[in-house]
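Residue numbers (my numbering): 69 to 454.
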Ligand SMILES: N[C@@H](CCC(=O)N[C@@H](CS)C(=O)NCC(=O)O)C(=O)O
């Protein structure tokens, strides 16, 4: 007999419900009101001393921690298998399934609290609110909850939480580059189950812009800005890690212009992030990508260059141009780069203007507070907040 202590909105409980559904298992459900503090009742704390859901009871014995519950269920009820048979693949699967336990879950709790749960907490009586915070057993979690409810999006740990989420999305996206339907390829596994509720949560919070609308929260204050003032040699940077970016066409275009302009191509690859930033900062122009394999046209690397005051040449797909509207990019592709560069180098005002607009644009479009404001705009339109 299976029983599950859970909450309908809980991401970790959703993970367990997904496993139960995949295996066609029935469980007796005990729904907890987490704002009212059902999870802190002494009899429940004896089952789960962390004072959180989910807790699975199987034939009278408690299993806690959603990632472990998921593995437990897959071992106890093997059909259909939700882990790869190959042990090395299973280790990779566990690495993805563990992403929530290595920071994503805390980031999700932070963002959910400051954006949505906060309003539910604030609707409690002052005594109920105080009790809920004080009864939270883990001190770090208690402090996150307290500050999140008090300060909302201004809580100090919000930018880091967004960065953790952004990093997790990037890891999933890089993995799914294999073109197969699931993280482990053709098999649907506990990795997909473990991460799905966290992606769904972003959609529920209308943060799906983090992957669909490219809000790219960016901490501009961390990047120095310089005036556009090339030296005797004009240094052109390009991050050449991905061969699909059109590096060969960049090399050819620069060679074709080098008899008329003093140009140096600085290829950024195989170096630490700090060295890459220093190399980029030492350049006058940044070329992001000339081909477009279904991407957005620009990413964090372009945003960094723009924030530094460096004009950026890139290939923005038409559908993105429609979405991003006004932008500071100098648009080129493999066929037009030589001519575009020629025009820019013959008329420095083009580069000068792109550099100045770039800094302003990053601050107005990608700066972390602006991203928060844009999201709040969504909530206001939905009448979720004033
Ligand atoms: N690492 C735990 C995290 C459990 C957890 O944080 N549960 C949340 C709901 S997703 C909860 O019960 N929160 C109640 C509270 O913060 O007081 C797991 O994966 O089971």
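The beta carbon of each residue, even a glycine, is placed where N, CA and C say it ideally should be.
In DSSP terms, what residue i is bridged to
i, result
"residue 303", "332"
"residue 380", "354"
"residue 395", "In the DSSP output, where bridge partners are listed per residue, residue 395 has none listed."
"residue 73", "98 and 123"
"residue 255", "252"
"residue 132", "123"
"residue 435", "286"
Inter-residue CB distance, residue i and residue j (contact presumed, cutoff 8 Å)
i, j, result
"residue 356", "residue 382", "4 Å"
"residue 252", "residue 152", "6 Å"
"residue 380", "residue 349", "In fact, because the Cβ distance is near 14 Å, the residues do not count as touching under 8 Å."
"residue 458", "residue 288", "Here the chain comprises residues numbered 69 to 454, so residue 458 is not present and cannot be evaluated."
"residue 259", "residue 165", "5 Å"
"residue 405", "residue 321", "4 Å"
"residue 72", "residue 95", "4 Å"
"residue 266", "residue 172", "6 Å"
"residue 141", "residue 91", "7 Å"
"residue 372", "residue 291", "6 Å"
"residue 359", "residue 314", "5 Å"
Residue-level contact to chain B via CB, residue i, 7 Å cutoff
i, result
"residue 94", "Checking the listed chains, one finds no chain B in this structure; it contains a single protein chain."
Under 7 Å, CB to nearest heavy atom of ligand 1: contacting residues: One residue list follows from the rule of a beta carbon closer than 7 Å to any heavy atom of ligand 1, given in chain order as 75, 78, 79, 80, 81, 102, 107, 118, 119, 120, 121, 122, 132, 133, 134, 135, 168, 169, 173, 177, 200, 204, 209 and 213.
Answer yes if the segment 95–108 comes into contact with the segment 155–174, meaning at least three C-beta pairs across the two stretches below 8 Å, and no otherwise. Contact fails: fewer than three Cβ-Cβ distances are below 8 Å.
When the Cβ atoms of the segment 422–434 are set against those of the segment 297–310, are three or more pairs found closer than 8 Å? Not touching, per the Cβ criterion.
Cβ pair count under 8 Å reaching 3, the segment 424–444 against the segment 282–289: Contact between the segment 424–444 and the segment 282–289 is established, with three or more Cβ pairs separated by less than 8 Å.
Are three or more beta carbon pairs between the segment 167–184 and the segment 214–222 nearer than 8 Å? Verdict: yes, contact present.
Between the segment 310–326 and the segment 404–414, do three or more beta carbon pairs fall short of 8 Å? Segment contact: the segment 310–326 against the segment 404–414, three or more CB-CB distances shorter than 8 Å; contact assigned.
Can you confirm whether the segment 259–276 touches the segment 82–95 when touching is taken to mean that 3 or more C-beta pairs between the two stretches lie within less than 8 Å? By the Cβ test, the segment 82–95 is in contact with the segment 259–276, since at least three Cβ pairs between them sit closer than 8 Å.
Cβ contact check for the segment 222–236 and the segment 115–126: 3 or more pairs under 8 Å: Touching, no.
Does the segment 191–207 come within contact of the segment 105–113, defined as at least 3 CB pairs closer than 8 Å? Cβ pair count under 8 Å is three or more, so yes.
Curious, which full-length alpha helix (DSSP H) runs of at least 4 residues does the segment 168–256 contain? Qualifying alpha helix (DSSP H) stretches, in chain order: 172–180, 186–190, 194–203, 207–219 and 226–244.
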